[in-house]
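Student: Let me begin by handing over the structure; questions about it come next.
There are 2 protein chains.
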Amino acid sequence: MEDDLRNTAKATTTYNMEAQANEERDPESNSLHQPLLKRNRTLSSTPLAMVGSKVSHIESLDYEINENDLFKHDWRSRSKVQVLQYIFLKWTVAFLVGLLTGIIATLINLAVENIAGYKLLAVVGYIEKERYLMGFIFLAGVNFFLTLIAAVLCVCFAPTAAGPGIPEIKAYLNGVDTPNMFGATTLIVKIVGSIGAVSAGLDLGKEGPLVHIGSCIASLLGQGGPDNYRIRWRWLRYFNNDRDRRDIITCGASSGVCAAFRAPVGGVLFALEEVATWWRSALLWRTFFSTAVVVVVLRAFMEYCKSGNCGLFGQGGLIMFDVSGVTVSYHVMDIIPIAVIGVIGGVLGSLYNHFLHKVLRLYNLINEKGKIYKLLLSLTVSLFTSACLYGLPFLARCRPCDSSLSESACPNTGRAGNFKQFNCPDGYYNDLATLLLTTNDDAVRNIFSTNTSSEFHVFSLTIFFVLYCILGLFTFGIAVPSGLFLPIILMGSAYGRMLGIAMGSYTNIDQGLYAVLGAASLMAGSMRMTVSLCVIFLELTNNLLLLPITMLVLLIAKTVGDCFNPSIYEIILDLKGLPFLEANPEPWMRNITVGELADVKAPVVTLNGVEKVGRIVDVLKKHYTQRVPHSLQKKWFLQEKRRTEEWEVREKFTSVDLAEREGKIEEVAVTKDEMEMYIDLHSLTNRTPYTVMESMSVAKALVLFRQVGLRHMLIVPQYQAAGVSPVVGILTRQDLRAQNILTAFPHLEKSKGREKGT
Amino acid sequence: MEDDLRNTAKATTTYNMEAQANEERDPESNSLHQPLLKRNRTLSSTPLAMVGSKVSHIESLDYEINENDLFKHDWRSRSKVQVLQYIFLKWTVAFLVGLLTGIIATLINLAVENIAGYKLLAVVGYIEKERYLMGFIFLAGVNFFLTLIAAVLCVCFAPTAAGPGIPEIKAYLNGVDTPNMFGATTLIVKIVGSIGAVSAGLDLGKEGPLVHIGSCIASLLGQGGPDNYRIRWRWLRYFNNDRDRRDIITCGASSGVCAAFRAPVGGVLFALEEVATWWRSALLWRTFFSTAVVVVVLRAFMEYCKSGNCGLFGQGGLIMFDVSGVTVSYHVMDIIPIAVIGVIGGVLGSLYNHFLHKVLRLYNLINEKGKIYKLLLSLTVSLFTSACLYGLPFLARCRPCDSSLSESACPNTGRAGNFKQFNCPDGYYNDLATLLLTTNDDAVRNIFSTNTSSEFHVFSLTIFFVLYCILGLFTFGIAVPSGLFLPIILMGSAYGRMLGIAMGSYTNIDQGLYAVLGAASLMAGSMRMTVSLCVIFLELTNNLLLLPITMLVLLIAKTVGDCFNPSIYEIILDLKGLPFLEANPEPWMRNITVGELADVKAPVVTLNGVEKVGRIVDVLKKHYTQRVPHSLQKKWFLQEKRRTEEWEVREKFTSVDLAEREGKIEEVAVTKDEMEMYIDLHSLTNRTPYTVMESMSVAKALVLFRQVGLRHMLIVPQYQAAGVSPVVGILTRQDLRAQNILTAFPHLEKSKGREKGT
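Printed below as a string of structure tokens:
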């Protein structure tokens, strides 16, 4: 009896869920709005939360080792050959992730540069013939059409493909399984949508989307293909567990950053600093391998495209925004402008976060009204962008070319390059057109250009800065794949360069470097990264001597930004209501015990070790779960109430079966007769769950939960006796979130807001 | 009663230790020899292990949150001001660590470059006058004297200052508290010894020692000064816990690497990839801050020294071995030499590890004989080195200077620089003297030099390579502070350059870059790092375009090396017998439960919640421990057997008292009367330890132990009843080490050597 009690207690681990969320929201609404978590006196212990547009069922991932009879015969403890297979396969997947991410990134670049390039060439053609209106109609029309494609795809086929995807990946690696994030449809929509949105000249980048694309590729490779057409290959069962998938997706995320910025080390560090929650030395090595493959692929394509095989794509080398041509000489007094850049970057960055938050909430209200509103919003932004990009350069005065420049350099009528002629006579250039009527990448290249101290007038830079502040705020939330990096770089470089002009002769630092520092500071002020940004900027600009200054600027900007609000990714995570677990427990969590948490929850539902099918089905239906045990799926029912033997289980289930994720209860049809039969849960239940005593503080329990990566944590009573249940409660991720605890225990609020992240 | 039982069980947490290790070794012997762990049928559950020369008492560090009555009044849960104080202080310490490490590193460089520089100038003077014998005597004499200083200091005052110190720091950050590692004596000996050893021209670097120096500074700052003269400042109590000390020492280690290579990002990554066991995003940021401070300090000193204020120091900028002067152009066919370099690097690296292991064992036998033998060994190596450095260049033929070079460049009679004249007539240079008769830093600079394809003859490079293989093996283990980086770079660059010559016209890559790649490959082959080496080499050489090749070379070399043996640091850790806990449990650990482990251990010693002083003293004396509870130290004894109130405790102990580390039992004198009195352990005992069920596998328990950073782990029985002890055993770090488990359960051995580190 005691035996049974204890085992049943453990059987509950997987099936303790509360009633289904009772609210259904419009499935059409955008993926960014207030979390809809229940705010009643009882703790929301359900693993369900509302994500994105729909009331979705977010599951926690499970990194715990499942110990039961079957587990003992897991492949891991079997033959050496299988272990070698596993290692080989894991490296192969890492290789393929790098390879495919590299290829897809190149294809996206190729498509963008050709579409945007020919579009711009045509516009320049109209302008040369002084057919200005026609030029505008052409530009706006093409941009409108490209945005339409991207938005329709996102709205109709894969709402999760909108936005950067980085916050969801960050949440995934923290243990939150957002549905429909890594599917094949999402991948395709993200690729095509990204090409459309970037070619449309919208103020967004392909960096965030590439991170998501890399992760999708990784996830699909790991599970053997799209959900419905999976290769159920024997080897692939090795990756049908959350731990290995986590590693693979980390590789994908770093490959994405690497492909976006051609920054292999920066990619690894980005994944490490911003995205990943758990990290091991072995993983560092594997992500490094993936990014190395990406770089080799990029390099090979560039070599191939140099000879003009790829249309307008292929100019430029591995370094995107090279500023190594200028010698960095600075002395003690330069510390002042550096500090100023850092402080302004921090302030502007946190302001950007603040206003973006407001805009996203506003957009959410619009998007909730239906698909058509989502589309209209995107198209409005596209039209506004086109109008500004085309119209504003007319405000700038034509400036004469510097005679020291060669004729081919200024004025420039090509698609890329500095010193755009636009509407100016020969020998003159339009500095605002140089920044606006070009692709975003080229705009960054132009504003970073060194040894061109008089190229841009303050007036033009101010227009550019203000325009990109507005666009940066209003473009991000629309329903197309959009990255945050490039908009922030554009904004930051503008104010950096303006500051450089303002400093005038008081400084030794080149204006191009000021632009770089401005971009870095705004990134740090908004995203709050340090080491990875530092390396990404080093790899983007190839100027090692700038490193010490960049470090200082990043540190100052991050510190200043942190005084005002959290990082932009945290804001989005919060907006999306994803139950992200922070690394550090809040100080007030030391004043509440897990026993107190368990008290306000619904009582634990327990099953006997050998239980009636009917009762199991009831419990599963009532407490909606996506994970139905294999024995129910396979209808392995017993006529009598008895314990099964290990060999019986092994006969019934192959290792491939067991590696499969468990299915949904709705998919299992159980007859009335079967309802009266029994299932032995012993052999399939985790028999050694991690437990905490009821007197342990939430802070301490959270350390265990988060460090070990749990899905459920069992609370055992302080004093065990025959009459007392061996388990007093079960805590899930939702129960341990600060927000939810504070809702149930408002008196803790007063001590909130203390030490954090130190 | 039940209450008492349970609480007593928890009181045992801190005091369960086995009998003192019964073997005493010669305290004079060197710090590198076989671990002396007990190999009997019972598991060694003692936290004591033998480290280095002495039977030392290694304690596990404790990262667990200690929850008891007093803890509730910890400053962390108190006022906002205290929390701000803490944050401010933590950043201040990080700043000071960077500042002091930067200053000390500069002073070491300054001393080394001046001592070695004037020494070399004098030798060149003798050679110009053709007084060759006198030159040799001078060189050997000075080197002998410098080595003597370094060795005497290490042997007599701080044996832990010998070697690099990195393995011990790695162990410390894993939770192993090696005694006497971070003291003031060690710091001073390390600084002076390092100056002596490097100036003496020995084949060792100052990189490892600088990492140790950084960590010592960090540790001393954190605890408020040297052990016996500590500032018991109220604020500093914040850092008297293992978690904060761990963070501070990580900052110190990265600052050290940064100061050694002038590589701020490389320093952070080195600490992350190689040294640290636990890592958080917040820590990444703080270490980055420390290294930024180091770089600013280095830069400021360089600026100051440029004008000649620092003797021979101050030439060269932030980049140590700049090879950016050459354009990297490579095509598909270059993949072959790259792969060859990688494979050879991996093979040579693992061979180096293998032979170094043998040499260290041999040295150990010699060093165990006494201090004088240690000294003699060091001095012999010094004499041998001097003889080789001076004598071998005479074997090389004089080569005519390239007429395209300016006269000041070749031949060179200065202390640094390329194309040394040595014994050659004007217009000729001695290529071997260019590599040997110079400081190690300059030797690397010369062999990395680009666009000098015909500078070095294969014959000279071969001699150089063979010599440095021999020196690299025989220098490392002597009793002076020694780093491994530079010897390996020298060895690797030689074979890289040889390979470059062998490739001849088949390759587009410059020979200087071959040398860089050779060095990188050998580093990866021996140390098995990837990302951090990549960044360090990037920051050392300032050639971003080399990055993709470097990545490939590093990955290949590490993969090849891993096929043969573990990394050099792991080998040294193992030699020193430090109980390092690996990240991944061995596969066979899934086949043994913690209950089985507990069974072969000595029975658990339990104390009652309110216990007689006599019994506590007995237990502590028998099971030697370094941590005596405060109530015993302060002699807070009770006349009657009663529970104390919370206010009583708080009245007795201030927060400063409680933050102090607990003392030794020998230091507490208890009278006979007092022995009969009582102590209430409740308020000072951790009342919510992490527990595991006896049926849990060791693999799973190890995940908890290592992830949460425990010192002890309690095993609770599967079925609890009134008569059964609430705790069936306690596991420590030693119990969970694979080696120790295999000794007690040899049958597990057969399944050993499977999947690891994947």
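Protein sequences appear in the order of chains X and F.
Residues 1 to 758 in UniProt numbering are what the first sequence spells out, letter by letter.
Residues 1 to 758 in UniProt numbering are what the second sequence spells out, letter by letter.
Cβ coordinates follow ideal geometry from the N, Cα and C atoms, glycine included.
These figures come from a predicted structure and were not determined experimentally.
Run through chain X and tell me which residues come within less than 7 Å of Gln707(F), C-beta to C-beta.
Tutor: Simply Gln707, Val708.
Student: Met491(X) to Tyr468(X), Cα distance in whole Å?
Tutor: Met491(X) and Tyr468(X): Cα-Cα distance of roughly 6 Å.
Student: Taking only beta-carbon positions, decide if Asn240(F) is within less than 8 Å of chain X.
Tutor: Judged by the 8 Å Cβ criterion, Asn240(F) is not in contact with chain X.
Student: Please list the residues of the stretch 508-539 of chain F that have a C-beta atom closer than 7 Å to any C-beta atom in chain X, keeping them in chain order.
Tutor: So the close ones are Thr530, Val531, Cys534, Val535, Glu539.
Student: Of the residues that make up the stretch 392-412 of chain F, which ones have a beta carbon closer than 7 Å to any beta carbon in chain X?
Tutor: Going along the stretch 392-412 of chain F in chain order, one finds no residue with a Cβ nearer than 7 Å to chain X.
Student: Met696(X) lies in the beta strand (DSSP E); which residues open and close that run?
Tutor: Per DSSP, Met696(X) belongs to no beta strand (DSSP E) and is neither H nor E.
Student: Return the chain-ordered ranges of every beta strand (DSSP E) run that is complete within the stretch 393-450 of chain F and spans a minimum of 3 residues.
Tutor: The qualifying runs are 398-400, 428-430.
Student: Going by DSSP in three states, Ser53(F) sits in which element: helix, strand or coil?
Tutor: Because Ser53(F) sits at a pLDDT of 30, beneath the cut-off of 50, its placement in the model cannot be relied upon, and the point is left open.
Student: Do three or more CB pairs link the stretch 454-467 of chain X to the stretch 345-353 of chain X at distances below 8 Å?
Tutor: Output reads no: the stretch 345-353 of chain X does not touch the stretch 454-467 of chain X.
Student: When the Cβ atoms of the stretch 368-383 of chain F are set against those of the stretch 583-598 of chain F, are three or more pairs found closer than 8 Å?
Tutor: Cβ pair count under 8 Å is below three, so no.
Student: Is the CB of Tyr690(X) under 8 Å away from at least one CB in chain F?
Tutor: It does: the Cβ of Tyr690(X) has a partner Cβ on chain F nearer than 8 Å.
Student: Within this structure, are the beta carbons of Thr688(X) and Glu303(X) separated by less than 8 Å?
Tutor: Result no, Cβ atoms of Thr688(X) and Glu303(X) do not sit closer than 8 Å.
Student: Along the chain, where does the alpha helix (DSSP H) that runs through Tyr373(F) open and close?
Tutor: 371-391 is the extent of the alpha helix (DSSP H) around Tyr373(F).
Student: Measure from the C-beta of Ser29(X) to each C-beta in chain F and report whether the shortest distance is under 8 Å.
Tutor: Legend: pLDDT at Ser29(X) = 37, less than 50; position of this residue unreliable, no value from coordinates given.
Student: According to the Cβ coordinates, are Ala158(X) and Thr178(X) closer than 8 Å?
Tutor: Not a contact, by the Cβ cut-off of 8 Å.
Student: Within 8 Å of any Cβ in chain F, is that where the Cβ of Pro167(X) sits?
Tutor: Chain F, which has no Cβ nearer than 8 Å to the Cβ of Pro167(X), makes this no.
Student: Taking Ile195(F) as the query, report the chain X residues whose CB atoms sit under 8 Å from its CB, ordered along the chain.
Tutor: Within 8 Å Cβ-Cβ: nothing; Ile195(F) doesn't reach chain X, min ~26 Å.
Student: For Ala738(X), I'd like the list of residues in its chain whose CB is within less than 6 Å of its CB, leaving aside the five on either flank, ordered along the chain.
Tutor: Same-chain partners within the cutoff: Glu586.
Student: My understanding is that Ala150(F) touches Gly193(F), with C-beta atoms under 8 Å, so please give their C-beta distance in whole angstroms.
Tutor: So it is a contact: roughly 4 Å between Cβ atoms.
Student: Taking the beta strand (DSSP E) that Glu611(X) falls in, what are its first and last residues?
Tutor: Run containing Glu611(X): 610-612, per the beta strand (DSSP E) assignment.
Student: Under 8 Å by Cβ, that's how I've got Tyr86(F) and Asp242(F) pegged, so tell me the actual separation to the nearest angstrom.
Tutor: Their Cβ separation, rounded to whole angstroms, is 16 Å, which puts Tyr86(F) and Asp242(F) out of contact at 8 Å.
Student: Whose C-alpha, out of Asp227(F), Leu684(F), Phe321(F), is nearest the C-alpha of Asp442(F)?
Tutor: Among Asp227(F), Leu684(F), Phe321(F), the Cα nearest to that of Asp442(F) belongs to Phe321(F).
Student: At a cut of 8 Å, does the stretch 134-148 of chain F reach the stretch 108-123 of chain F through at least three beta carbon pairs?
Tutor: Yes, the stretch 134-148 of chain F is in contact with the stretch 108-123 of chain F.
Student: Please name the residue, chosen from Asn686(X), Lys635(X), Ala583(X), Met677(X), that lies closest to Val668(X) on a Cα-to-Cα basis.
Tutor: Considering only alpha carbons, the answer is Lys635(X).
Student: Please list the partners that residue 805(X) has in chain F, where partner means a Cβ-to-Cβ separation under 7 Å.
Tutor: The structure shown has nothing for residue 805(X), since chain X only spans 1 to 758.
Student: Please state the DSSP three-state secondary structure of Ile568(X).
Tutor: DSSP places Ile568(X) in helix when its eight states are reduced to three.
Student: With H, G and I counted as helix, E and B as strand and the rest as coil, what does DSSP make of Pro487(X)?
Tutor: Residue state, collapsed to three classes: helix.
Student: Of the choices Leu272(X), Val155(X), Leu742(X), whose alpha-carbon is the least far from that of Gly370(X)?
Tutor: Among Leu272(X), Val155(X), Leu742(X), the Cα nearest to that of Gly370(X) is on Val155(X).
Student: For Tyr506(X), report the span of its alpha helix (DSSP H) as first-last.
Tutor: No alpha helix (DSSP H) holds Tyr506(X); DSSP gives it neither H nor E.
Student: Should Lys92(F) be labelled buried (16 or more other beta-carbon atoms within 10 Å of its own) or exposed?
Tutor: A small fix is needed here, since residue 92(F) is Thr in this sequence, not Lys. So Thr92(F) counts as exposed.
Student: Around the C-beta of Gly504(X), are 16 or more other C-beta atoms found within 10 angstroms, so that it is buried, or is it exposed?
Tutor: Exposed is the call here.
Student: Do we get a CB-CB distance below 8 Å when we pair Leu736(X) with the residues of chain F?
Tutor: It does not; no Cβ of chain F falls within 8 Å.
Student: Measure how close the beta-carbons of Leu638(X) and Val619(X) come, nearest whole angstrom, since I'm counting them as under 8 Å.
Tutor: In fact, because the Cβ distance is near 18 Å, the residues do not count as touching under 8 Å.
Student: Does Ile741(F) pass the burial test, meaning 16 or more other C-beta atoms within 10 Å, or should it be called exposed?
Tutor: Per the 10 Å Cβ criterion, buried.
Student: Would you tell me roughly how many angstroms separate the C-alpha atoms of Asn30(X) and Leu575(X), rounded to the nearest one?
Tutor: Its pLDDT being 35, under 50, Asn30(X) is placed unreliably by the model, and the measurement read from it follows with that caveat. Each residue's Cα considered, the two are about 11 Å apart.
Student: Spell out whether any CB of chain F is found under 8 Å from the CB atom of Ala150(X).
Tutor: False, the Cβ-Cβ gap to chain F never drops below 8 Å.
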